[in-house]
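Visitor:
2 protein chains.
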Amino acid sequence: MADTTKGAGSPPAGPKLAILAGGGTLPARIANAVRGQGREVFIVAFDGHTDPETVAGVPHVWSRFGAAGTILRRLHEEGVGEVVLAGPVKRPSFTELMPDWRTARFLARVGTRALGDDGLLRAVVREVEDDGFRVVGLHDLLKELLTVAGPVGRLAPDADAERDIARAVEVARALGALDVGQGAVVQQGIVLAVEAIEGTDAMLARCAALARPGTGGVLVKVKKPKQDRRIDLPTMGVTTVEKAAAAGLRGIAIEAGGSLLVDRTAVAEAADRLGLFVVGIEIPQ
Amino acid sequence: MADTTKGAGSPPAGPKLAILAGGGTLPARIANAVRGQGREVFIVAFDGHTDPETVAGVPHVWSRFGAAGTILRRLHEEGVGEVVLAGPVKRPSFTELMPDWRTARFLARVGTRALGDDGLLRAVVREVEDDGFRVVGLHDLLKELLTVAGPVGRLAPDADAERDIARAVEVARALGALDVGQGAVVQQGIVLAVEAIEGTDAMLARCAALARPGTGGVLVKVKKPKQDRRIDLPTMGVTTVEKAAAAGLRGIAIEAGGSLLVDRTAVAEAADRLGLFVVGIEIPQ
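Taken in sequence, the protein lines are chains G and X.
Read in order, the letters of the first sequence correspond to residues 1 to 285 in UniProt numbering.
Read in order, the letters of the second sequence correspond to residues 1 to 285 in UniProt numbering.
Shown next, in the form of structure tokens:
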């Protein structure tokens, strides 16, 4: 990954990147990868959301969500050029959102009704761009994160699984068109669960009790039809495979070019070990 | 309710009615009401699904779901003219479905993939009609079951609640169009939960943990856009009000003319006692 054309004193490989870091290991992966490309990185970590290990050895600031004014001023001071949103964020509490004047002005404009769904993140992106920063997607920084078409491990879906996948795609896309969720679970033609704000893990957790005997179901995750790919692309990693297996599913299908696969090698290994298929599927847009 | 024009020896108020009885109190309510109209009733009770109190003092047979041939033969022997499906049925286990030859022929035709969703019930209705019975809806027998427009108790939705209702209607209708579910919960513009096979009670049970502080959410139940009103209309009663209150919701909206309200007086009393609105809403078809 490192750009070997860069030596000491070479121009940087790109403008300084600020990572607005949610939970999980994705922010640290991005930070490492981008620094490996010779770019400077600055992490904005959020109290109670970002894993403390994420910022180890990387320039950073800890902040509250409500401190938009302070954060944006700091990004200017740091000479940041590009900004990326990385990792999931649990819905912030009211205390975390306690707004500074900049945040208050922002909330007054977008309305607190938008808080918690994609509307909020889209508004955040606009706000950051209005301040002169360029907002990029994770897949712009690390192309290999983007899911490609085809099986990830040894197994592939059979004709029955393909039918369940098609049904789940239909349902998940319809929900996504309404900006509700990105996932659905279908078993033997029956929709066991659809995802709203609870998230994929919670949806999977209830599937074991809803499943019927016989062939297991499939989890499908697709991006919303009009989704900005810089925001909250469906993401899966080893944990998703493990939770799908625990729910009795036989496989997972995720949108090729429209979702992020964190650590493809580890996902393939987990899928093979647990006997699930994981497959990237093309979705006509 | 009793038809006072009928005396001993009068012609019956209608053909003998068979009630295919699911769980809850609805089958017994229907049986009492229809007998009060002077009609003969025969109940088909299903082992493990029908409340034993339902059949007390009413001609009946206990059966398995898989015994379609036996059931239909018995309905002919009893001189049944009309059939109604009443009360919810949990997904039958494989043992309960162990088919007689008639059921096997039926399953071979509709395909076991249809088991568990509306497709199965539609196929059951066709099968019963092909045998010469007329299948009617609960609202054909007991008109006051059908939800009418307007508040059921003292409270009515305010403008904020109306917005959440509109959003939930949009989501529930889209899911219904895909034959997935009939319900959604929205709070402050955010879709907290959408219903698939888990049912309304299970959906409500997860909402308390997903809700944000502040104004509570609303539950909306609507029929599927192309739903046969003789099958599985959305139904609510006192239990739904209680579970919605426990989930922190502020109200419930159900489709006027497209849902069943079991015991309107008791629902109004529960809604007033618990401080929720319950409202029948018109949905443009």
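Quick reminder that beta carbons are idealized off the backbone N, C-alpha and C, glycines included.
Less than 8 Å between CB atoms is the rule here; does Gly-116/G satisfy it with respect to chain X?
Guide: The residue given as residue 116/G occupies position 116 in the first sequence. At Gly-116/G the pLDDT is 49, less than 50, meaning the model places this residue with poor confidence and gives no usable figure here.
Visitor: Verify the CB distance criterion: does Ile-197/G have a CB-CB separation below 8 Å to chain X?
Guide: The residue labelled residue 197/G in the question sits at position 197 within the first sequence. With 8 Å as the cut-off, Ile-197/G counts as an interface residue toward chain X.
Visitor: Kindly list the residues whose CB is nearer than 7 Å to the CB of Val-180/G, restricted to its own chain and excluding five residues on each side of it in sequence; keep chain order.
Guide: For this step, residue 180/G is matched to residue 180 along the first sequence. Once the five neighbours on either side are set aside, the close Cβ partners of Val-180/G are Ala-196.
Visitor: Just to confirm before moving on: does the CB-CB distance between Ile-30/G and Val-80/G stay below 8 Å?
Guide: For the purposes of this step, residue 30/G is identified with residue 30 of the first sequence, where counting begins at 1. For the purposes of this step, residue 80/G is identified with residue 80 of the first sequence, where counting begins at 1. Contact: no.
Visitor: Along the chain, where does the alpha helix (DSSP H) containing Gly-36/G start, and where does it finish?
Guide: If you number the first sequence from 1, residue 36/G lands on position 36. Looking at the DSSP string, the run of the alpha helix (DSSP H) that includes Gly-36/G is 26-36.
Visitor: Name the two residues that bound the continuous alpha helix (DSSP H) containing Gly-69/X.
Guide: Within the second sequence, the letter at position 69 stands for residue 69/X. It spans 68-77 - the alpha helix (DSSP H) in which Gly-69/X sits, taken as one unbroken run.
Visitor: Could you pull out every residue in the same chain whose Cβ sits closer than 6 Å to the Cβ of Pro-27/G, ignoring the five residues on either side in sequence?
Guide: Within the first sequence, the letter at position 27 stands for residue 27/G. Correct list, in chain order: Ile-19, Ala-21, Thr-54, Ala-86, Gly-87.
Visitor: Taking C-beta to C-beta, are Gly-183/G and Phe-277/G nearer than 8 Å?
Guide: For the purposes of this step, residue 183/G is taken as the residue at position 183 of the first sequence. For the purposes of this step, residue 277/G is taken as the residue at position 277 of the first sequence. It is not a contact, given that the beta carbons lie outside the stated cut-off.
Visitor: Ile-252/X touches chain G at which residues, Cβ-Cβ below 8 Å?
Guide: Taking the second sequence and counting its residues from 1, the one referred to as residue 252/X is at position 252. Simply none; closest approach about 18 Å.
Visitor: Would Val-279/X be called buried (16 or more neighbouring beta carbons within 10 Å of its own) or exposed?
Guide: Indexing the second sequence from 1 puts residue 279/X at position 279. Looking at its Cβ environment, which holds 16 or more other Cβ atoms inside 10 Å, Val-279/X is buried.
Visitor: According to a CB-to-CB cut-off of less than 9 Å, which residues of the segment 211-235 of chain X neighbour chain G?
Guide: If the cut-off is 9 Å between Cβ atoms, the segment 211-235 of chain X has Arg-212, Pro-213, Gly-214 near chain G.
Visitor: Could you spell out the range, first to last residue, of the beta strand (DSSP E) harbouring Glu-255/G?
Guide: Indexing the first sequence from 1 puts residue 255/G at position 255. 251-255 is the extent of the beta strand (DSSP E) around Glu-255/G.
Visitor: Please list, in chain order, the chain G residues whose beta carbon lies closer than 9 Å to that of Leu-249/X.
Guide: Counted from its first residue, the second sequence places residue 249/X at position 249. Chain G residues near Leu-249/X: none, gap ~15 Å exceeds 9 Å.
Visitor: Could you spell out where the beta strand (DSSP E) holding His-49/X opens and where it closes?
Guide: Mapped onto the second sequence, residue 49/X falls at position 49. It is not in any beta strand (DSSP E) - His-49/X carries neither H nor E in the DSSP assignment.
Visitor: Distance, Cα to Cα, Gln-285/G vs Val-222/G?
Guide: On the first sequence, residue 285/G is found 285 positions in, with the first residue counted as 1. On the first sequence, residue 222/G is found 222 positions in, with the first residue counted as 1. Rounded to whole angstroms, Gln-285/G to Val-222/G spans 11 Å at the Cα level.
Visitor: List the whole-angstrom C-beta distance separating Val-267/X from Gly-248/X, where the pair is believed to meet the contact cut-off of C-beta under 8 Å.
Guide: The residue you call residue 267/X lines up with position 267 of the second sequence. The residue you call residue 248/X lines up with position 248 of the second sequence. So it is not a contact: roughly 19 Å between Cβ atoms.
Visitor: Figure out for me which residue from Leu-155/G, Ala-256/G, Glu-242/G, Asn-32/G has the closest Cα to the Cα of Val-169/G.
Guide: Translated into positions along the first sequence, residue 169/G becomes position 169. Checked all of Leu-155/G, Ala-256/G, Glu-242/G, Asn-32/G; the closest Cα to Val-169/G is Ala-256/G.
Visitor: So what does DSSP say about Ile-19/G, is it helix, strand or coil?
Guide: If you number the first sequence from 1, residue 19/G lands on position 19. Here Ile-19/G sits in strand by DSSP.
Visitor: Straight-line CA distance for Gly-116/X to Ile-43/G?
Guide: As a working note, residue 116/X is residue 116 in the second sequence. As a working note, residue 43/G is residue 43 in the first sequence. Because the pLDDT of Gly-116/X is 49, which lies under 50, any placement of that residue in the model is unreliable, and the question is left without a value.
Visitor: Looking at the C-beta of Glu-162/G, does it have a partner C-beta in chain X at a distance below 8 Å?
Guide: The residue labelled residue 162/G in the question sits at position 162 within the first sequence. So no, Glu-162/G is outside the interface.
Visitor: Consider the Cβ of Leu-175/X: report whether some Cβ of chain G lies at a distance smaller than 8 Å.
Guide: Locating residue 175/X in the second sequence gives position 175, counting from the first residue. Leu-175/X counts as touching chain G.
Visitor: Can you tell me whether His-60/G is buried or exposed, with buried defined as 16 or more other CB within 10 angstroms of its CB?
Guide: As a position in the first sequence, residue 60/G is number 60, starting the count at 1. So His-60/G ends up on the buried side.
Visitor: Would a check of beta-carbon distances place Ile-165/G closer than 8 Å to chain X?
Guide: For the purposes of this step, residue 165/G is taken as residue 165 along the first sequence, with counting starting at 1. Closer than 8 Å: no.
Visitor: Are the CB atoms of Gly-189/X and Asp-164/X nearer to each other than 8 Å?
Guide: If you number the second sequence from 1, residue 189/X lands on position 189. If you number the second sequence from 1, residue 164/X lands on position 164. Their beta carbons are under 8 Å apart, which means Gly-189/X touches Asp-164/X by this criterion.
Visitor: Are the C-beta atoms of Arg-206/G and some chain X residue less than 8 Å apart?
Guide: Indexing the first sequence from 1 puts residue 206/G at position 206. Chain X, which has a Cβ nearer than 8 Å to the Cβ of Arg-206/G, makes this yes.
Visitor: Would you kindly check if the distance between the Cβ of Ala-205/G and the Cβ of Val-241/G is under 8 Å?
Guide: The residue you call residue 241/G lines up with position 241 of the first sequence. The residue you call residue 205/G lines up with position 205 of the first sequence. No; because the gap between Cβ atoms is not below 8 Å, this pair is not in contact.
Visitor: Start and end of the alpha helix (DSSP H) containing Ala-172/G?
Guide: Here residue 172/G is taken as the residue at index 172 of the first sequence, counted from 1. Where Ala-172/G is concerned, the enclosing alpha helix (DSSP H) stretches over 159-177.
Visitor: Given Thr-70/X, which residues of its chain have a CB within under 7 Å of its CB, disregarding the five upstream and five downstream residues?
Guide: Counted from its first residue, the second sequence places residue 70/X at position 70. Contacts found: Ser-63, Asp-100.
Visitor: Name, in chain order, the residues that DSSP records as bridge partners for Ile-283/X.
Guide: Taking the first residue of the second sequence as position 1, residue 283/X is located at position 283. None, per the DSSP bridge assignment.
Visitor: On the CB-based measure, 16 or more other CB atoms within 10 Å of its CB, does Val-89/X come out buried or exposed?
Guide: Here residue 89/X is taken as the residue at index 89 of the second sequence, counted from 1. By the neighbour-count rule (16 or more Cβ atoms within 10 Å), Val-89/X is buried.
Visitor: I need the straight-line Cα distance from Ala-177/X to Asp-51/G, nearest angstrom please.
Guide: Reading the second sequence from its first residue, position 177 is the one you call residue 177/X. Reading the first sequence from its first residue, position 51 is the one you call residue 51/G. Rounded to the nearest angstrom, the two C-alpha atoms are 41 Å apart.
Visitor: If you measure from the beta carbon of Ile-190/G to each beta carbon in chain X, is any gap under 8 Å?
Guide: Position 190 of the first sequence, counted from the first residue, corresponds to residue 190/G. Taking Cβ atoms only, chain X reaches closer than 8 Å to Ile-190/G, which makes this a yes.
Visitor: CB-CB under 7 Å to Leu-210/G, same chain, minus the five flanking residues each way: which ones, in chain order?
Guide: Here residue 210/G refers to the residue found at position 210 when the first sequence is read from its first residue. Hits under 7 Å: Leu-192, Ala-193.
Visitor: Could one say the Cβ of Ala-246/X lies closer than 8 Å to chain G's Cβ atoms, at least one of them?
Guide: Here residue 246/X is taken as the residue at index 246 of the second sequence, counted from 1. Chain G contact via Cβ: absent.
Visitor: Hey, which unbroken runs of the alpha helix (DSSP H) at 4 residues or more fall wholly within the segment 127-159 of chain G?
Guide: Counting whole runs of 4 or more residues, the segment 127-159 of chain G contains the alpha helix (DSSP H) stretches 138-141.
Visitor: Mind checking whether Arg-134/G and Glu-82/G have CB atoms under 8 Å apart?
Guide: As a working note, residue 134/G is residue 134 in the first sequence. As a working note, residue 82/G is residue 82 in the first sequence. Yes, they are a contact pair.
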